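> Starting off with a structure, shown below.
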Amino acid sequence: MNSIATSYSFGLFIDGEWQETEQTLNVWNKYNQSKVGETAVSTAADVNKAVAAAKQAQGTPFSLYDRYEVLLKVAQLLRDHVEEFAEIIAKEVGKPINEARGEVGRSALTLENSAEEAKRIHGEEIPVEAAPGSENRKAFTRRYPVGVVAAITPFNVPLNLVCHKVGPAIAAGNSVVLKPAEETPLSALLLTKLFEEAGLPKGRLNVLTGEGREVGPLLTANQEINMFTFTGSPQVGEQIRREAGLRDTALELGNNSATIVHNDADVNQAAQLVAQKSFNNAGQVCISVQRVYVHRDVYEVFMEKVKEATSRIKLGDPLDSATQMGPMIAEEEAIRVEKWVNEAVAEGAVVETGGKREGVFYHPTVLSHVHADMKVCRQEVFGPVVAVQPYTNEDEVISLVNDSEYGLQAGLFTNNLALAMYAADRIHVGGLIINDTSGYRVDHMPYGGVKKSGTGKEGPRYAIEEMTEEKIVVFNL
Ligand code: NAD
């Protein structure tokens, strides 16, 4: 299989053309700090040109079937180039190669599902004739694209989270201006090459690179953008919402995800899954397990098993297929996590395993004797740290889980159906996963949080709803 790119030096992609810029930004290998590639830096003029191209493309027909075909073709091309994508993700993120391969496979599924959903965009009949005086009327709704969608994505899942925005936006008939994360833009730029190869009409996808704090405000200032879809930190999400004003905004933000292990659960399964889902991508996952509440009856057994499974995690070069956990995105992030753990220890927490930094690596860490107001519990760690606390009864643990500004997903290990339903009705999150951790997700399920975790849902069908406007058509017959 030929590689898609011969060099990883990319311009901006505007109106179907690659465009060089005066300034460039380097992209580094997060494991050994060598240069992996280079991207362009967008100016205000580039942003305006990309948005104008996106708007103009809205005037050119692009049938539902053609959207379906282009998205399927890109999914197939992704499957044909799994290794090239996986390698670039492993380098730019520091994600272990096996996890990176998994991300590429999921990205293809996200695009396939977006293609399928393109054929199912529909409204409904509304029985307006049921109102007195409206006996002679009929009505139905239809969905229309919002127009120009600006998509801004984070560093941690740089391909699949781009597919979660670009796939549904294109399926719904919108044009996209994409701004990938500056730390990890290369996989998104490679994907853009596949859209080009698949024959996406020009202007339907434009890609702007550069520092988010500079390009972001240029995007929000452009009033031709109809909608912002953002995944990233709550601080930036709030800023985008303020600047977007009355325009539609979908926000997928952070979490300090909780998982409960009840006394009737399979403790071994719970411990293995917690050890696995707390340290994927070095804990830099929005639904990474961070707070674990274990019933006192099984606390000791759980702690032994989770410590044992965690201490076996193999750190190393992300390109080595034996590696289970790679570096964090930057050394300053590893230093921040180190400080938060040290602060927790100073306040009484005990390091059961890990608790050590080596450069850009932070060892997988399990803490006990924590309390709710420590940063490692209260804030989003976004690193390989899990804080375990015992509990005595169901209502106590539900209020501990809900004692958070966030509410993306939570997990509950129990074999008691009544407890599972009781918790489902009371835990305030976007998704509750029974007999697995908060970290479970498949790409076609509705996914999104409550409280500070955001507004709006992803998963192609749900994102298409966010990215279309519903109009009612009423007939007076
Ligand atoms: P970030 O907020 O720093 O950056 C996200 C994106 O926003 C990047 O493309 C960045 O360039 C851009 N950006 C930065 N400043 C901007 C500005 N002023 N205006 C517009 N755009 C700007 O987040 P990150 O560090 O890349 O990602 C980590 C965060 O993402 C965590 O909080 C994590 O929980 C969250 N996240 C959430 C989900 C979810 O689905 N809920 C998924 C993945 C990550």
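Residue 242 in this note's numbering sits at position 242 of the sequence shown, and the numbers go up by one each step. All C-beta atoms, glycine included, are put in the ideal place defined by N, C-alpha and C. The structure displayed is predicted, hence computed values, not measured ones.
Leaving out five residues before and five after residue 48 in sequence, what residues of the same chain have Cβ atoms less than 7 angstroms from its Cβ?
Within the sequence shown, numbered from 1, the residue matching residue 48 stands at position 48. Taken in chain order, the residues that qualify are 222.
> Applying the 10 Å Cβ sphere with the 16-neighbour rule, what's the burial state of residue 245?
Here residue 245 refers to the residue found at position 245 of the sequence shown. So residue 245 ends up on the exposed side.
> Is residue 120 helix, strand or coil by DSSP?
On the sequence shown, residue 120 is found 120 positions in, with the first residue counted as 1. Looking at residue 120 - three-state DSSP - the assignment turns out to be coil, as it is neither helix nor strand.
> Would you call the CB atoms of residue 251 and residue 94 closer than 8 angstroms?
Reading the sequence shown from its first residue, position 251 is the one you call residue 251. Reading the sequence shown from its first residue, position 94 is the one you call residue 94. Cβ distance not < 8 angstroms, so residue 251 and residue 94 don't count as in contact.
> Taking the straight line between their C-alpha atoms, what separation do you get for residue 191 and residue 260?
Reading the sequence shown from its first residue, position 191 is the one you call residue 191. Reading the sequence shown from its first residue, position 260 is the one you call residue 260. Cα-Cα distance, rounded: 38 angstroms.
> So, using beta-carbon positions, are residue 464 and residue 117 closer together than 8 angstroms?
The residue given as residue 464 occupies position 464 in the sequence shown. The residue given as residue 117 occupies position 117 in the sequence shown. In this structure, residue 117 lies closer than 8 angstroms to residue 464 by Cβ.
> Are the stretch 146-157 and the stretch 172-179 touching by the rule of at least three beta carbon pairs closer than 8 angstroms?
Contact between the stretch 146-157 and the stretch 172-179 is present, because at least three Cβ pairs lie under 8 angstroms.
> Where does residue 445 land, buried or exposed, given buried means 16+ other C-beta within 10 angstroms?
As a working note, residue 445 is residue 445 in the sequence shown. Exposed, by the Cβ-count rule.
> Report yes if the C-beta distance between residue 397 and residue 368 is below 8 angstroms; otherwise report no.
Taking the sequence shown and counting its residues from 1, one reaches residue 397 at position 397. Taking the sequence shown and counting its residues from 1, one reaches residue 368 at position 368. Taking 8 angstroms as the Cβ cut-off, residue 397 and residue 368 do not qualify as a contacting pair.
> For residue 16, report the span of its alpha helix (DSSP H) as first-last.
Within the sequence shown, residue 16 is the residue found at index 16, counting from 1. Taken as a continuous stretch (DSSP letters only), residue 16 belongs to no alpha helix (DSSP H), as it is neither H nor E.
> Rounded to a whole number of angstroms, what is the C-alpha to C-alpha distance between residue 340 and residue 174?
Your numbering for residue 340 matches position 340 in the sequence shown. Your numbering for residue 174 matches position 174 in the sequence shown. Taking the straight line from one Cα to the other gives about 42 angstroms.
> Does DSSP put residue 101 in a helix, a strand or coil?
Within the sequence shown, the letter at position 101 stands for residue 101. In the structure shown, residue 101 sits in a helix (DSSP, three-state: H, G or I).
> Distance, Cα to Cα, residue 41 vs residue 91?
As a first step, residue 41 is located in the sequence shown; it is residue number 41 there, counting from the start. As a first step, residue 91 is located in the sequence shown; it is residue number 91 there, counting from the start. Distance between the alpha carbons of residue 41 and residue 91 is about 21 angstroms.
> According to DSSP, what are the bridge partners of residue 28?
Residue numbering aside, residue 28 sits at position 28 when the sequence shown is read from its first letter. Answer is 35.
> Whole angstroms is fine: what's the gap from residue 380's alpha carbon to residue 135's?
Numbered from its first residue, the sequence shown carries residue 380 at position 380. Numbered from its first residue, the sequence shown carries residue 135 at position 135. Taking the straight line from one Cα to the other gives about 55 angstroms.
> Say yes only if the C-beta of residue 158 is nearer than 7 angstroms to one or more non-hydrogen atoms of ligand 1, and no if none qualify.
Taking the first residue of the sequence shown as position 1, residue 158 is located at position 158. False, no ligand heavy atom lies under 7 angstroms from that Cβ.
> Can you find a heavy atom of ligand 2 that lies under 7 angstroms from the Cβ of residue 192?
Of the ligands this structure carries, namely ligand 1, none is ligand 2.
> From the DSSP output, in three-state form, read off residue 462 for me.
By 1-based counting over the sequence shown, the position of residue 462 is 462. It is helical.
> Kindly give me the distance between the Cβ atoms of residue 337 and residue 362, rounded to whole angstroms, as I take these residues to be in contact under 8 angstroms.
Here residue 337 is taken as the residue at index 337 of the sequence shown, counted from 1. Here residue 362 is taken as the residue at index 362 of the sequence shown, counted from 1. So it is a contact: roughly 5 angstroms between Cβ atoms.
> So does residue 152 have its beta carbon nearer than 7 angstroms to some heavy atom of ligand 1?
Translated into the one-based positions of the sequence shown, residue 152 becomes position 152. Flag set: Cβ of residue 152 near ligand 1.
> Quick check on the DSSP output: the alpha helix (DSSP H) that includes residue 478 runs from which residue to which?
No answer is possible for residue 478: the residues shown for the chain start at 1 and end at 477.
> Spatial neighbours of residue 164 within its chain, please: CB distance less than 6 angstroms, with the 5 preceding and 5 following residues excluded, ordered by chain position.
Residue numbering aside, residue 164 sits at position 164 when the sequence shown is read from its first letter. 110, 458.
> What does the alpha-carbon distance come out to for the pair residue 212 and residue 182?
Counting from one through the sequence shown, the residue named residue 212 turns up at place 212. Counting from one through the sequence shown, the residue named residue 182 turns up at place 182. Their backbone Cα atoms lie some 7 angstroms apart in a straight line.
> Going by C-alpha to C-alpha distance, which of 408, 82, 199 sits closest to residue 15?
The sequence position of residue 15 within the sequence shown is 15, counting from 1. Considering only alpha carbons, the answer is 199.
> On a Cα-Cα basis, can you pick out the residue from 256, 262, 436, 77 that is closest to residue 276?
What you label residue 276 is simply residue 276 of the sequence shown in a count that begins at 1. Taking only the C-alpha atoms, the option nearest residue 276 is 436.
> Give the secondary structure of residue 212 by DSSP, where H, G and I count as helix, E and B as strand, and everything else as coil.
Residue numbering aside, residue 212 sits at position 212 when the sequence shown is read from its first letter. If DSSP states are grouped into helix, strand and coil, residue 212 belongs with the helices.
> Helix, strand or coil for residue 187? Go by DSSP, reduced to three states.
Mapped onto the sequence shown, residue 187 falls at position 187. It is helical.
> Using the rule of at least 16 other Cβ atoms within 10 Å of the residue's Cβ for burial, across every protein chain shown, is residue 344 buried or exposed?
Counted from its first residue, the sequence shown places residue 344 at position 344. That one is buried.
> Does any heavy atom of ligand 1 sit closer than 7 angstroms to the C-beta of residue 382?
Reading the sequence shown from its first residue, position 382 is the one you call residue 382. Yes, ligand 1 has a heavy atom inside 7 angstroms of this Cβ.
> Please list the terminal residues of the continuous beta strand (DSSP E) segment that includes residue 160.
Indexing the sequence shown from 1 puts residue 160 at position 160. First-last for residue 160: 160-171, but that is the alpha helix (DSSP H), not the beta strand (DSSP E).
> Cβ of residue 106 within 8 angstroms of Cβ of residue 160?
Taking the sequence shown and counting its residues from 1, the one referred to as residue 106 is at position 106. Taking the sequence shown and counting its residues from 1, the one referred to as residue 160 is at position 160. Yes, these two residues count as a Cβ contact at 8 angstroms.
> Just curious, the beta strand (DSSP E) that residue 84 is in, first and last residue?
In the sequence shown, counting from the first residue as 1, residue 84 sits at position 84. Counting along the chain, residue 84 falls outside any beta strand (DSSP E), though it belongs to the alpha helix (DSSP H) covering 82-93.
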